[in-house]
Every structure is written in structure tokens, then in C-alpha cells.
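According to the working numbering, the residues represented by the sequence shown are 14 to 206, in order.
Scroll down for the structure; my scribbles are underneath it.
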Amino acid sequence: MPKLKQFDEKAVLQKAVDIFWEKGYHATSIQDLVKGLGINRASLYATYGNKKALFVAALMAYQANGRAVVDELLAAQDDVLEGLEELFRYMIQNALNSEDCKGCFIVNTTTELLPNDEEMKGVMLQNQIQFEQLLTKYLQKGVAAGTISAHKDLPTISHFLFVLINGIQVTTKIEANPPKLNNMLPLILTLLQ
Numbered sequence: 014m015p016k017l018k019q020f021d022e023k024a025v026l027q028k029a030v031d032i033f034w035e036k037g038y039h040a041t042s043i044q045d046l047v048k049g050l051g052i053n054r055a056s057l058y059a060t061y062g063n064k065k066a067l068f069v070a071a072l073m074a075y076q077a078n079g080r081a082v083v084d085e086l087l088a089a090q091d092d093v094l095e096g097l098e099e100l101f102r103y104m105i106q107n108a109l110n111s112e113d114c115k116g117c118f119i120v121n122t123t124t125e126l127l128p129n130d131e132e133m134k135g136v137m138l139q140n141q142i143q144f145e146q147l148l149t150k151y152l153q154k155g156v157a158a159g160t161i162s163a164h165k166d167l168p169t170i171s172h173f174l175f176v177l178i179n180g181i182q183v184t185t186k187i188e189a190n191p192p193k194l195n196n197m198l199p200l201i202l203t204l205l206q
């Protein structure tokens, strides 16, 4: 009879996100994970196989949660332009409120592991594609409502917005300047008119 897991896998993944986010992939040891996750080595290896597989699982859980938050935030706004403004206000505030200016787990992983890790490059590319598709779908609602010009290249704008969101995560590590960041909002919205 197989042994049942003695831990909540979702809670373990959240703890793993926190540990990897704080230390980075390379600086996190198996002992750090065993101690921080509250599970033994055998359970860690039996469930995830190795440190890299646990890292990928934690990163994918973080990505899915982030996309769900953004999707929910955008869905709550009937006006697409107001929704995008709210999204950027949220992203700016979230970046500014980051403890120890630790930035975004995804952005940090990108700068730590790419371009040399092909597996992670694929994971990051998939995240980018999914996030840009989410934005493009949302922008299409604005075209249908007449608030965004039908002549706009929505996939390119979505890519630009993705790059800008990631850039906010990096630049707030350098300078936490809310007025400067918030002053970008009107400029962002002019791209859609």
C-alpha cells in the first residue's frame, strides 16, 4: 500500500516560492529547503525528484497565481482603459511594497538563470506567451467597446505592456519613486487611443 503524503503540497510550494525568492535558485541548498518546508529529504525527493523540479513547480505555481490575480483585476473593470490603469497602479504599488526590494520572483529567476538554462528559458517563454495572450484578449474587449482603435496592433502592444511591467519590477529595486512611476500611466494609455 503506497504511503500517503503527510503534507499540504500547495502550502509547501508557497514556502518553496518564499525560500527561492529570498535566496535565488543557486544559493538555496537542499538543507535550506528541508528546514524551511518542514518536510524531510526523502519526502522532498519522493514528491519532486530534485531541487530543480521543486523550483520549477514553485515557479509555475507563482506564475499561475499571478496570472489569476491579473485576470481577476482586469475582469472587475468594465472600461478597458480604466482596467489597464488599475493594473499598472497595482503593479507599481506591488513593486513598491516589496519587502527588501526583492522584486518579482519571475524577473529575478530570468536574470539569474537565463540565457544559460534552456529548460527555464522554455518555462519563462511560456509564461510570457500566456501573459501576453491574457492582455491581448483584454484589449480586444476595448476594441469591441470602441475605446481602443481597431487599427492598433494588439499583440505588439501586449508585448510592450509585458516588457513595461517587468521593467517596473526591476527599476523599483533601483529607485522607489511613486510619482515618477505613476506619471507614466497617461502615456501608457495614449498607446491605445
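Just so you know, even glycine gets a beta-carbon here, dropped at the ideal spot from N, CA and C.
ask   = What's the gap between the Cα of L17 and the Cα of K28?
value = On the sequence shown, residue 17 is found 4 positions in, with the first residue counted as 1. On the sequence shown, residue 28 is found 15 positions in, with the first residue counted as 1. Residue confidence for L17 is low, a pLDDT of 43 falling below 50, so the modelled location carries little weight; the figure read from the coordinates is stated next. Near 20 Å, if we compare the C-alpha coordinates of K28 and L17.
request  = For T123, name the three-state secondary structure that DSSP assigns.
outcome  = Within the sequence shown, the letter at position 110 stands for residue 123. T123 falls in the helix class under three-state DSSP.
inquiry  = Please classify S171 as buried or exposed, where buried requires at least 16 other C-beta atoms within 10 Å of its C-beta.
reply    = Taking the sequence shown and counting its residues from 1, the one referred to as residue 171 is at position 158. Buried, since its Cβ has 16 or more Cβ neighbours within 10 Å.
request  = Would you mind sorting P15 into buried or exposed? The rule is 16 or more other CB atoms within 10 Å of its CB.
outcome  = To locate residue 15, count along the sequence shown from 1; it is residue 2. Confidence at P15 is low in this model, with a pLDDT of 45, below 50, so the placement of that residue should be treated as unreliable; the coordinate-derived value is given next. When all chains shown are included, P15 counts as exposed.
query = Looking only at C-alpha atoms, which of Q44, S162, Y75 sits nearest to D31?
reply = Locating residue 31 in the sequence shown gives position 18, where the first residue counts as 1. Per the Cα distances, Y75.
query = By a C-beta neighbour count over all protein chains shown, 10 Å radius and 16 as the cutoff for buried, is C114 buried or exposed?
reply = Walking along the sequence shown from the start, residue 114 turns up at place 101. Burial call: exposed.
inquiry  = Taking the alpha carbon of D185 as the reference point, which residue from V176, I105, L200, I119 has its own alpha carbon closest?
reply    = For this step, residue 185 is matched to residue 172 along the sequence shown. Contrary to the premise, residue 185 reads as Thr rather than Asp in this sequence. With distances taken between Cα atoms, T185 lies closest to I105.
query = From C117 to I181, what does the alpha carbon distance come to, in whole angstroms?
reply = Indexing the sequence shown from 1 puts residue 117 at position 104. Indexing the sequence shown from 1 puts residue 181 at position 168. Put simply, the backbone Cα of C117 is about 10 Å away from that of I181.
request  = Taking all protein chains shown into account, decide if N110 is buried (16 or more other Cβ within 10 angstroms of its Cβ) or exposed.
outcome  = For the purposes of this step, residue 110 is taken as the residue at position 97 of the sequence shown. Answer is exposed; the Cβ neighbour count stays below 16.
query = From L205 to V82, what distance separates their C-alpha atoms?
reply = Here residue 205 refers to the residue found at position 192 of the sequence shown. Here residue 82 refers to the residue found at position 69 of the sequence shown. Here the alpha carbon of L205 sits roughly 23 Å from the alpha carbon of V82.
task = Find the nearest neighbour of G135 within the set T123, P168, E99, judged by alpha-carbon distance.
result = For this step, residue 135 is matched to residue 122 along the sequence shown. Selected option, being the one with the closest Cα: T123.
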